Structures are given as structure tokens and as C-alpha cells.
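Asker: This is the structure, below, for whatever I ask next.
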Amino acid sequence: MTPDPISGLLARVAAQDRAAFGELYHAASAKVFGVLLQMLRDRAEAEEALEEVFARVWLRAGRFDGARGRGMTWIIAVARADAIDRLRARPEPAPTAEDAAAVDMPEPAPAAEVTVVAAGRVRRIGDCIDALDPDRAEAVRGAYIGGLSYAQLARRHDVPQDTIRTWLQRGLIRLRECLEA
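Everything in the sequence shown is counted per the UniProt record's numbering, starting at 1 for the first residue and increasing by one.
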């Protein structure tokens, strides 16, 4: 495996080394900004998010575990979580006349074979979700079926948002394993 210079910088940042933080920002900010810009599609918001992400990295660098992954991957995960929270916080755009016209268009009925296959997949996914711990299953349903945000799920389950993120991440891994079995 290739060396991970970002991991070393994160360890130094966890020890409150300001010089290491500057080096880390210089080494990682362009890539992180690219991820944020791609997700948010707004340069000003991506710039603001970049600053927040690195503030979080400064505060949470001690949580990074090099044995579990690479430093840049961890920083990008922090950035993605921030971008997702920002996207969920955006107000819904007002419907347009085109939207109304599209709603009024009849949808063609799927073929019987497609319906049967889809029903089997839905049942399989439901069975795999049911195999999760009850709280985790409810969180997965709330996030991916109900469209609830991390904050809403954290309030519902009376746990921190980071716990919800962990539940969802691990739940998706277990779902993938179940569906691939």
C-alpha cells in the first residue's frame, strides 16, 4: 500500500499543530473543493462549505483512524456529509408549468414480467432491511424511503447526528451484503 501523507498530517492536526493544518489545507483543499462544487453546483456555497469542512477537520482530527482508511477518504467523507446536509436544507423550488404538465401525463403501464421482477426485488430489499436491528432498520427506512434528514432522524431516535450517520453507513453495508448473498 502506498504511503498516506494526509494521515500523518491529520495525526499532527489532532495534536493542534497549526503548521500541519496549513500543510493539510494546502494538500487537500483543491480536491475537497472539487467534490463540494460538484455536489453543490454553486461556487460561493462550495467555498463556504470548504471552510466549514476544514473547521470540522481541525476539531475532529482526533477521530480519524488510519487503520480504517486513508486520510483523504476521511476528509472527503466529512465534506460529503456537509454537502448532503446543505442540499437537504435547501428549500424546495416552486413547481413550474412544465412540472404540472408532466404530472398530468399518463404513465405507460409496465409489462407484467417487469412488475413481477420489481415486486420480488422490493420484497428482497424489505427482507434485508428487516434483518437489521430495529432502530437501524427504522433509520434506514426514514432516510432512504421517507427522505428524513440526519437532524430529523437524530431527534426521532434521540441520538447524535454522527450516530445516525454511522447507523446508515453500516446499515447500507449490511444491506449490500444481504442483497449480494
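Each residue gets a CB set at the ideal place from its N, CA and C atoms; glycine is no exception. Computed from a predicted structure; not experimentally measured.
Does the distance from the CB of Tyr150 to the CB of Ile173 come in under 9 Å?
Answerer: Taking the sequence shown and counting its residues from 1, the one referred to as residue 150 is at position 150. Taking the sequence shown and counting its residues from 1, the one referred to as residue 173 is at position 173. No, these two residues do not count as a Cβ contact at 9 Å.
Asker: At what residues does the alpha helix (DSSP H) containing Ile84 begin and finish?
Answerer: Along the sequence shown, one-based indexing puts residue 84 at 84. Start and end: 71 to 89.
Asker: Buried or exposed for Gly126, going by 16 or more other Cβ atoms inside 10 Å?
Answerer: Against the sequence shown, residue 126 aligns to sequence position 126. Gly126 comes out exposed.
Asker: Taking all protein chains shown into account, do 16 or more other C-beta atoms lie within 10 angstroms of the C-beta of Ala97, making it buried, or fewer, making it exposed?
Answerer: The residue labelled residue 97 in the question sits at position 97 within the sequence shown. It counts as exposed.
Asker: Cα-Cα, which of Ile75, Arg155, Glu23 is closest to Glu52?
Answerer: On the sequence shown, position 52 is the one that residue 52 refers to. The shortest Cα separation from Glu52 among Ile75, Arg155, Glu23 belongs to Ile75.
Asker: Going by alpha carbons, who is nearest to residue 188 out of Arg136, Arg90, Glu47?
Answerer: As shown, the chain starts at 1 and ends at 181. That puts residue 188 outside it, with no answer to give.
Asker: Counting along the chain, where does the alpha helix (DSSP H) carrying Ser7 start and finish?
Answerer: Your numbering for residue 7 matches position 7 in the sequence shown. Start and end: 5 to 14.
Asker: Hey, how far is the Cα of Ala14 from the Cα of Arg70?
Answerer: Within the sequence shown, the letter at position 14 stands for residue 14. Within the sequence shown, the letter at position 70 stands for residue 70. About 15 Å.
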